[in-house]
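Taken in order, the sequence shown gives residues 3 to 317; the numbers are from my numbering. Structure record follows, encoded as structure tokens.
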Amino acid sequence: MNQSQVTIIVTQRERFSYTQPSLESIYELTTMPFQLIYIDGNSPSHIHQYLETKSREKGFTLIRREQFLAPNQARNLALNQINTPYVVFIDNDVLVTPHWLENLVRCAEETQAWVVAPLYLEGKPEDEIIHMAAGFAHFRYKQQRKTFFEKHRFCKRRVASVKDKLQREETELVEFHCALVRTAFFKTLGLLDEQFLSAGEHFDLCLAVCEAGGTVYFEPSAVISYVLPTSFEESDLPFFLLRWSDEWNRKSLKHFQEKWLLAEDDPFLNRHYQWLTYHRQLASNNSLHKRLKLRYDSWLNRNVLSPLENQLNLS
């Protein structure tokens, strides 16, 4: 692997404040050659300056836009510049671990998978708390009714408690926290669907691969960790609140429903909408929670703050 087989595309998931530790993690812990394209969608000036400095120092391509970008919009900006057999999408709030990239590529080479998912942790990598270790994303049919089913496997479990069950295998679900994709996929099926503004884009990718006859694999020896926000810098809030806005959430789920021919009352759509709303409210109620020392599952939050935030977001 002396020549670059992989182009890493970094995009912002929901905030900018974790940009530096995430990018430095990639350069410190990735030992195989790679190219990197960083998409900067209107980051705050101090983040933009940092990225410009690092792009000159490390020699990666920095693409800047002066407006916030939905994730698939950002990813597509880089795809036309790819000249490697593989592309790895990774969010800007992810920490990698040693040999993560080699192990993703090795899995793809040995299995001929179209897409490879790592073992997703959440929080500090050393805590080894699983976010997802493979998963399910498929349609179910009962009495002529088509519904969508998705589930993270071993979510919130510690790695040690399920270590004997973690093995390379086919799976149905990856997430854009980190995913390796064969570049040829995009020549076959086209660019990523930009009508998914806040949700559904990873389900859509997996379903499209399955429909086209490709395979998705889980590779547990490749480990990354998604670092959840525990607090928010003021400069993070405008993008975060747009990323998970009610308008973007509803449009994304409506597009998923129509594209994959689901009923409007599909149970998954309702559950996922509730999760998206809850996630947005982590930031909206952040300062009040700190000031009042409230838990997010408190009565005041459930019955007063969250409904109020939702009404304000809809107005």
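Glycine included, each C-beta is placed from N, C-alpha and C at the ideal position.
Chain-order list of residues whose beta-carbon lies under 6 Å from that of residue i (same chain, five-residue window excluded)
i: residue 292; result: Caution is warranted here: a pLDDT of 47 is assigned to residue 292, below 50, making its placement in the model unreliable, and no coordinate value can be reported.
i: residue 241; result: 70
i: residue 25; result: none
i: residue 187; result: 116
i: residue 250; result: 199 and 200
i: residue 103; result: 32 and 34
i: residue 136; result: 155, 173 and 220
i: residue 15; result: 93 and 95
Cross-strand partners of residue i (DSSP beta bridge)
i: residue 137; result: 154
i: residue 28; result: Beta-bridge pairing links residue 28 to no other residue.
i: residue 119; result: 220
i: residue 248; result: Partner(s): none; residue 248 has no beta bridge.
i: residue 180; result: 92
i: residue 142; result: 149
i: residue 67; result: 43
i: residue 228; result: 96 and 124
i: residue 131; result: 160
i: residue 37; result: 9
i: residue 203; result: According to DSSP, residue 203 bridges with nothing at all.
i: residue 171; result: 220
Beta-carbon contacts of residue i that lie in its chain and below 7 Å, excluding the five residues immediately before and after
i: residue 191; result: 210 and 214
i: residue 80; result: 11, 39, 41 and 65
i: residue 74; result: 194, 195, 196, 198 and 203
i: residue 285; result: 234, 239, 242 and 243
i: residue 54; result: 64
i: residue 5; result: 35
Whole-number beta carbon distance between residue j and residue i, since they are thought to touch under 8 Å
i: residue 149; j: residue 219; result: 26 Å between Cβ atoms; not a contact.
i: residue 183; j: residue 208; result: Actually they are not in contact, since the Cβ atoms of residue 183 and residue 208 sit about 11 Å apart, beyond 8 Å.
i: residue 226; j: residue 120; result: 5 Å
i: residue 76; j: residue 21; result: Actually they do not touch by this definition, with Cβ atoms about 13 Å apart.
i: residue 118; j: residue 8; result: Not confirmed; about 11 Å, so no contact.
i: residue 105; j: residue 221; result: 6 Å
i: residue 206; j: residue 138; result: That belief does not hold up - the Cβ atoms of residue 206 and residue 138 are roughly 15 Å apart, past 8 Å.
i: residue 44; j: residue 67; result: 6 Å
i: residue 96; j: residue 212; result: Not really, about 25 Å apart at Cβ, beyond 8 Å.
i: residue 170; j: residue 109; result: 6 Å
i: residue 255; j: residue 271; result: 5 Å
Beta-carbon proximity list for residue i, same chain, < 8 Å, skipping 5 on both sides
i: residue 114; result: 217
i: residue 29; result: 60
i: residue 78; result: 193, 194 and 196
i: residue 132; result: 121, 122, 123, 124, 156, 157, 158, 159, 160, 161 and 164
i: residue 52; result: 21 and 22
Start and end residues, beta strand (DSSP E) containing residue i
i: residue 108; result: No beta strand (DSSP E) contains residue 108, which is instead part of the alpha helix (DSSP H) from 102-113.
i: residue 190; result: No beta strand (DSSP E) contains residue 190, which is instead part of the alpha helix (DSSP H) from 186-191.
Enclosing alpha helix (DSSP H) for residue i [first to last residue]
i: residue 18; result: Neither: residue 18 is in no alpha helix (DSSP H) and is coded neither H nor E.
i: residue 80; result: 73-81
8 Å Cβ cutoff, residue i in contact with chain C
i: residue 130; result: Considering every chain present, this structure includes no chain C. It has just one protein chain.
Check: residue i C-beta below 7 Å from any heavy atom of the ligand PLP
i: residue 253; result: Looking at this structure, you won't find the ligand PLP or any other ligand, since it has none at all.
Sufficient close CB pairs (3 or more, under 8 Å) joining the stretch 275-285 to the stretch 147-165 = no
message = Below 8 Å, how does it come out for the stretch 263-270 and the stretch 34-45: are there three or more Cβ pairs, yes or no?
response = no
task = Could you say if the stretch 185-200 and the stretch 246-254 meet the contact criterion of at least three C-beta pairs nearer than 8 Å?
result = yes
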